[in-house]
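Trainee: Before we start, here is the structure in question, set down as structure tokens.
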Amino acid sequence: MAASSSVLIFFFMFLAISSAFPKNKDKYKPCKHLVLFFHDIIYNGKNAANATSAIVAAPQGSNLTILAPNSHFGNIAVFDDPITLDNNLHSKPVGRAQGMYIYDTKNTFTSWLGFSFSLNSTDYQGTINFIGADPIMIKYRDISIVGGTGDFFMHRGVATIDTDSYEGEVYFRLKVDIKFYECW
Amino acid sequence: MAASSSVLIFFFMFLAISSAFPKNKDKYKPCKHLVLFFHDIIYNGKNAANATSAIVAAPQGSNLTILAPNSHFGNIAVFDDPITLDNNLHSKPVGRAQGMYIYDTKNTFTSWLGFSFSLNSTDYQGTINFIGADPIMIKYRDISIVGGTGDFFMHRGVATIDTDSYEGEVYFRLKVDIKFYECW
Amino acid sequence: MAASSSVLIFFFMFLAISSAFPKNKDKYKPCKHLVLFFHDIIYNGKNAANATSAIVAAPQGSNLTILAPNSHFGNIAVFDDPITLDNNLHSKPVGRAQGMYIYDTKNTFTSWLGFSFSLNSTDYQGTINFIGADPIMIKYRDISIVGGTGDFFMHRGVATIDTDSYEGEVYFRLKVDIKFYECW
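Residue numbers (full-length UniProt numbering), protein chains in the order written: chain A, 1 to 184; chain B, 1 to 184; chain C, 1 to 184.
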């Protein structure tokens, strides 16, 4: 096969896909699918023993033990949260969710996420890397899976996040529906 | 088609493309193309009402209302900027640019960007996720589009950023030429 | 070739690859391969002249010149580190590693990385964008290459990081084995 013709086929394939399935992600079937939960307990000055995250940056006038006014705009939190297979904080963790979230709107609650799942269980060994916008007040939010390693080598996909539970501003639990569309 | 032969074709295609178009991105035609503007007004201690971003981290000796010395090295700003179709700050926004920039050089102005476009217009509904190095003093800078959701489901591409206008250290406007090379 | 059949071939190819090489990245051959080093000198309050990174965020009770207790949990450092072809800090740099690392575990040393290589040499002109989890105490750690520009236009891959050397908490040198599996 000549180089030029394989290039043509490559482009034709992408164009074909792009036009065949406009806007409809439900037409794509994941090549791998996981549902996991992670649990975040924010440090508030009193819960050092069991907090899993901490505010490490804040806008002028705010401090590091109380989330900032104006929808926490400007707070950055670093987290190391247990990942579980079900919605129970006390279930045996299958890995850690580690990274940061940034509150980035003044008049509603939205955040920007940059984090990784490090999975270490009998089923999965590897990392999954996520970034994306998280409009917290919406039930289901999609973020990007931009890469992975180990069992998730070179994978890409979309994760749908859902705030499964929360308690005031100290605890929240996210359900993460991980759909890979590129598997290697 | 046997598994082994389809794998061979897959590799052959990538090798062919890699060697056929060395270094020349102009040979690739985007499968989707958008040009958008976003507008950043940095909080300076006096403009709380209309500021769209805030310094939230700074190196030792600096504060959160004045960008740091040494080319602002070490400042992290969180932003929630309006996106417009033209270069007018007061045009009707089609979405929000949300995330952070980090000033990361001591002797010139460069930043590291991690942010998302959340578009919500009649034309587009979805998010686009960007990361990359932004050498601010250069006219045209390329960053990576690492994923997307909604209308931009699983898209990848390159965005060319251009500082379209700025006023001192309070306002800047970026023109973003978004070229997707992987559309789904 | 009809749109529907090319879509089928596309999916078939991915399925074939996914099942043919379960979990074994060694079966894939990189389309491009680079080995580079970068050098980080953390500002400690006394080494302003030659420090290449600075702590810019810390949890409550910590400061910006001493890494925090509890495995530095919550520290964010911004860096602008020279990249060299060999392990000598004083070799001529071929580019800069710029971005941030976040210490994100309380009881061991792990970090979350978001950074770019900006290469500017006779061999390479362009940027490489990385994110991922870095469990520092493990010898070889894999992170994701999520995009690139210039000579690395649209590339993806995996980078294996190895702490080649360190001196206390002021200097460390990382060896980065960059393997691209998608080249354009």
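All C-beta atoms in this analysis are idealised placements derived from N, C-alpha and C, irrespective of residue type, glycine included.
Within the continuous beta strand (DSSP E) that includes tryptophan 112(C), where are the two ends?
Mentor: Element bounds for tryptophan 112(C): 111 to 120.
Trainee: Tell me whether the region 170 to 183 of chain B and the region 134 to 148 of chain C touch, counting them as touching only if at least three CB pairs, one residue from each stretch, are closer than 8 Å.
Mentor: They do not touch, by the three-pair rule.
Trainee: Could you please give me the residues that DSSP links to glycine 99(A) through a beta bridge?
Mentor: Phe79(A), Phe115(A), per the DSSP bridge assignment.
Trainee: Please check the pair glycine 132(A) and serine 116(B), which I expect to be a contact at CB under 8 Å, by giving their CB distance rounded to whole angstroms.
Mentor: Right, their Cβ atoms sit about 6 Å apart.
Trainee: Could you confirm whether any beta carbon from chain B is found closer than 8 Å to the beta carbon of alanine 54(C)?
Mentor: Yes, its Cβ sits closer than 8 Å to a Cβ of chain B.
Trainee: Just tell me which of Gly157(B), Tyr171(B), Asp162(B) has its CA closest to the CA of valine 29(B).
Mentor: The question names valine, yet the displayed sequence has lysine at residue 29(B). When only C-alpha atoms are compared, the closest one is Gly157(B).
Trainee: Between lysine 175(B) and the rest of its own chain, which residues show a CB-CB distance below 6 Å, the 5 nearest in sequence each way excluded?
Mentor: Excluding residues within five positions, the ones whose Cβ falls inside 6 Å are Phe37, Asp162, Asp164.
Trainee: Using Cβ-Cβ distances below 8 Å, what residues of the region 60 to 92 of chain C are close to chain B?
Mentor: Listed by position along the chain: Asn63, Leu64, Thr65, Ile76, Val78, Phe79, Asp80.
Trainee: Check the C-beta distance from isoleucine 128(C) over to isoleucine 178(C) and give it rounded, since I have them as a contact under 8 Å.
Mentor: About 7 Å; that satisfies the 8 Å criterion.
Trainee: So with CB distances below 9 Å, who are the chain B contacts of isoleucine 131(C)?
Mentor: Simply Gly114, Ile131, Val146.
Trainee: Who are the near neighbours of tyrosine 124(B) in its chain, counting only those whose CB is closer than 6 Å to its CB and skipping five residues on each side?
Mentor: If we look at tyrosine 124(B) and ignore the five residues flanking it on each side, its Cβ neighbours are Asp151.
Trainee: Measure the alpha-carbon distance for valine 94(C) versus asparagine 88(C) and round it to whole angstroms.
Mentor: About 12 Å.
Trainee: Of all the CB atoms in chain C, is at least one closer than 8 Å to the CB of valine 7(A)?
Mentor: Since pLDDT at valine 7(A) reaches only 42, below the 50 mark, its modelled position is unreliable, and no value is offered.
Trainee: Which chain C residues sit within Cβ distance under 7 Å of lysine 106(B)?
Mentor: What lysine 106(B) touches in chain C: Asp80.
Trainee: Got a sec: is the Cβ-Cβ distance from glycine 99(A) to anything in chain C below 8 Å?
Mentor: So, interface residue.
Trainee: Would DSSP call lysine 46(A) helix, strand or coil?
Mentor: Of the three classes helix, strand and coil, the one that applies to lysine 46(A) here is coil, per DSSP.
Trainee: Interface residues of chain A around isoleucine 41(C) at Cβ under 7 Å?
Mentor: Under the 7 Å cutoff, chain A gives no residues; its nearest Cβ is about 22 Å from isoleucine 41(C).
Trainee: In this structure, how does DSSP classify lysine 139(B) when only helix, strand and coil are distinguished?
Mentor: In the structure shown, lysine 139(B) sits in coil (DSSP, three-state: anything other than H, G, I, E or B).
Trainee: Identify whether lysine 179(C) lies in helix, strand or coil by the three-state DSSP scheme.
Mentor: Correct three-state label for lysine 179(C): strand.
Trainee: Quick one: using the 10 Å Cβ neighbour count with 16 as the cut-off for buried, is lysine 106(B) buried or exposed?
Mentor: Classification for lysine 106(B): buried.
Trainee: Secondary structure at lysine 27(C), three-state DSSP: helix, strand or coil?
Mentor: In this structure, lysine 27(C) counts as helix in the three-state DSSP scheme.
Trainee: Starting from threonine 127(C), trace the beta strand (DSSP E) in both directions and tell me its first and last residue.
Mentor: From DSSP, the beta strand (DSSP E) with threonine 127(C) extends over 125 to 134.
Trainee: According to DSSP, is proline 22(B) part of a helix, a strand, or is it coil?
Mentor: Here proline 22(B) scores only 41 on pLDDT, less than 50, and its place in the model should not be relied on; the value that follows carries that caveat. Proline 22(B): coil per DSSP, three-state reduction.
Trainee: Note down the Cα distance separating threonine 110(A) from alanine 159(A), rounded to an integer number of angstroms.
Mentor: Going from the Cα of threonine 110(A) to the Cα of alanine 159(A) covers about 17 Å.
Trainee: Between the Cα of leucine 34(C) and the Cα atoms of Phe172(C), Gly74(C), Thr84(C), Thr65(C), which residue gives the shortest distance?
Mentor: Cα-wise, what sits closest to leucine 34(C) is Thr84(C).
Trainee: Using only CA atoms, which one of Val170(B), Arg173(B), Met154(B) lies nearest to cysteine 31(B)?
Mentor: Nearest C-alpha to cysteine 31(B): Met154(B).
Trainee: So leucine 34(B) is in the beta strand (DSSP E); what residue range does that whole segment cover?
Mentor: Here the beta strand (DSSP E) through leucine 34(B) covers 32 to 41.
Trainee: Can you grab the Cα-Cα spacing for the pair tryptophan 112(A) / tyrosine 171(C), in whole Å?
Mentor: Taking the straight line joining both Cα atoms gives about 31 Å.
Trainee: Which value, in whole angstroms, describes the spacing of the CA atoms of threonine 149(B) and valine 56(C)?
Mentor: Going from the Cα of threonine 149(B) to the Cα of valine 56(C) covers about 32 Å.
Trainee: Please identify, using Cβ separations under 9 Å, the residues of the region 149 to 165 of chain B that lie next to chain A, in order along the chain.
Mentor: Answer in chain order: Thr149, Gly150, Asp151, Phe153, Met154, Arg156.
Trainee: In chain order, what residues of the same chain have a beta carbon less than 6 Å from the beta carbon of serine 91(B), not counting five sequence neighbours either side?
Mentor: Closer than 6 Å at Cβ, skipping near neighbours: Thr84.
Trainee: So threonine 110(B) contacts chain C; which residues on that side make the cut at Cβ distance below 9 Å?
Mentor: Going along chain C in sequence order, the residues near threonine 110(B) (Cβ under 9 Å) are Asp80, Arg96, Gln98, Ser118.
Trainee: Starting from isoleucine 66(A), follow the beta strand (DSSP E) in both directions and report where the run begins and ends.
Mentor: Where isoleucine 66(A) is concerned, there is no enclosing beta strand (DSSP E), given that its DSSP letter is neither H nor E.
Trainee: Counting only beta-carbon atoms, is proline 22(B) nearer than 8 Å to chain A?
Mentor: In this predicted model, proline 22(B) has a pLDDT of only 41, less than 50, meaning its place in the structure is not dependable enough to derive any value.
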